[in-house]
Every structure is written in structure tokens, then in C-alpha cells.
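Numbering (the numbering used here), first residue to last: 13 to 223. Since the structure comes first, as C-alpha cells, the remarks are kept for the end.
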């Protein structure tokens with residue numbers, strides 16, 4: 013039976029599922045049975061025309077994790093060169109510190125996930141993009157929610173997609189026919205007391221009947 017060991021109600025689960033980087037427990041193994049339990053929940057998410065074209069590539073082999081992490085680190089270094097954030101940008105520097113920690117330690121996570129979907133968009137329309145990603149990413153988010161409810165955490169990263177074909181070769185993903193949607197570290201978290209994050213007021217982002 014699927015369970016919720018943290019006993020979070022839906023509102024708590026939705027408001028406290030965070031991107032976890034510095035509080036990932038690199039030393040505690042992650043059981044395959046727990047991952048499969050989370051995935052059974054995740055694949056209840058909607059997909060376009062109910063095609064369910066997703067594939068879930070989990071990486072536990074140390075050599076493959078190291079190779080994927082190295083590709084991610086090169087993408088991270090290119091995206092976040094030294095001096096990108098002003099000294100007075102406290103929030104930006106805090107985010108960079110957390111992201112840099114993950115980039116430096118990605119290979120240490122017990123498990124990685126690369127969610128994929130059949131097909132490859134080439135010069136797509138907005139409609140095509142919405143339909144394609146809308147058929148994969150809801151299931152990925154459901155997976156993250158299921159992880160959170162069981163005391164595990166993850167972080168949504170996409171930087172490695174600059175080197176998607178390289179990572180496809182490492183993992184045997186058929187690059188020309190299958191698109192990767194991100195790279196997710198998976199681990200139990202150090203503590204489970206996550207809080208809601210700061211968000212903009214609804215007043216500036218909600219529109220009724222017109223903009």
C-alpha cells in the first residue's frame with residue numbers, strides 16, 4: 013500500500029516540496045522499492061492523448077554517475093562564471109552557493125533521474141511545445157511530491173541539456189528519437205522540516221477577464 017510516512021496533508025506537501033541541494037544525504041542508500049512506489053504515483057499524471065510516452069532513466073552506477081556529473085559541471089561552469097552575481101545581490105549569491113554545491117557534489121548522490129519522452133521537437137510552435145512538455149513535466153513534479161512525502165528530496169536541473177547528446181551516449185538513450193527533460197538528484201534529506209518559500213503576491217500576477 014502506498015503511504016505517506018511524513019503524514020503531510022496536501023497543502024503542506026504542495027508548499028514545502030523544495031529544490032534540495034545542500035541537505036541531500038549522500039551516504040544513505042535509496043531503496044529501489046521506494047522509487048518504484050513514487051513512480052507508480054507519478055505516472056498517474058496526465059499526458060497528451062493519454063500516450064504516456066515517458067521513460068524514466070535512473071542512474072546508480074558510480075562510473076556513469078561520475079560521467080553525467082562531469083558533463084553537468086561543465087555546463088554549470090559555463091552558465092555561472094565567476095563574478096556573475098554582484099556582491100550586494102544576497103539572494104543571487106545564496107542561490108549560486110547552493111547550486112555550486114550541487115554541481116561539485118552531483119556524483120555523490122545515491123541516485124540520479126533523467127526523465128525522457130519519445131519524440132524530438134524541431135522548430136516547434138508554441139502549441140507543440142506546450143503539448144510536448146505538458147505530457148512529461150506534470151509526472152516529474154508528481155514524482156518529486158511523492159519523494160518529499162517519503163522523506164526524500166530532489167532538485168530540478170536542466171543545465172546538462174546543453175550536452176544532452178553527450179549524456180544520451182553515456183546512458184544509452186536514443187538521442188534522435190527521445191528527448192531528455194532534466195536531471196534530478198535523488199537522496200534522503202537531512203531533516204524533513206522544509207518551509208514554504210518566498211513568493212510574489214498574487215496582486216501583481218493574477219488577471220481576471222483581461223490583463
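Glycine included, every Cβ here is placed at the ideal spot set by N, Cα and C.
Does the Cβ of residue 207 have 16 or more other Cβ atoms within 10 Å, making it buried, or fewer, making it exposed? exposed
Distance check for residue 46 and residue 13, CA to CA, integer angstroms please. For residue 13, the pLDDT reaches just 48, beneath the cut-off of 50, and the residue's location in the model is therefore unreliable, although a value from the coordinates is still provided. For residue 13 and residue 46, the distance between alpha carbons rounds to 11 Å.
Would you list the residues sitting across from residue 131 in a DSSP beta bridge? Paired residue(s): 190.
Check each candidate in 209, 215 and 204 and name the one with the smallest Cα separation from residue 19. Nearest option by C-alpha distance: 204.
Should the segment 119-135 be regarded as contacting the segment 174-192, the criterion being three or more beta carbon pairs within less than 8 Å? yes
Are at least three pairs of beta-carbons, each pair with one atom in the segment 178-185 and one in the segment 206-221, less than 8 Å apart? In the pairwise beta carbon analysis, the segment 178-185 is classified as not touching the segment 206-221: fewer than three pairs are separated by under 8 Å.
Buried or exposed for residue 66, going by 16 or more other Cβ atoms inside 10 Å? buried
Determine whether the beta carbon atoms of residue 87 and residue 34 lie at a separation below 8 Å. Not closer than 8 Å, so no.
Beta-carbon within less than 6 Å of residue 37's beta-carbon, same chain only, minus the 5 sequence neighbours each way: which residues are those? 199, 200 and 202
Does DSSP put residue 126 in a helix, in a strand, or in coil? strand
Less than 6 Å between C-beta atoms, sequence neighbours within five positions excluded: which residues of the same chain meet that for residue 196? Sequence-distant partners of residue 196 (beyond 5 residues in either direction) whose C-beta falls short of 6 Å from its own C-beta, in its chain, are 125 and 166.
The beta strand (DSSP E) with residue 71 in it runs from where to where? Unbroken beta strand (DSSP E) run through residue 71: 66-71.
Using DSSP bridges, identify the partner residues of residue 199. 165
Residue 158 and residue 53: beta carbons closer than 8 Å? Residue 158 places its beta carbon less than 8 Å from that of residue 53.
For residue 148, which of helix, strand or coil comes out of DSSP? coil
DSSP three-state call for residue 222: helix, strand or coil? coil
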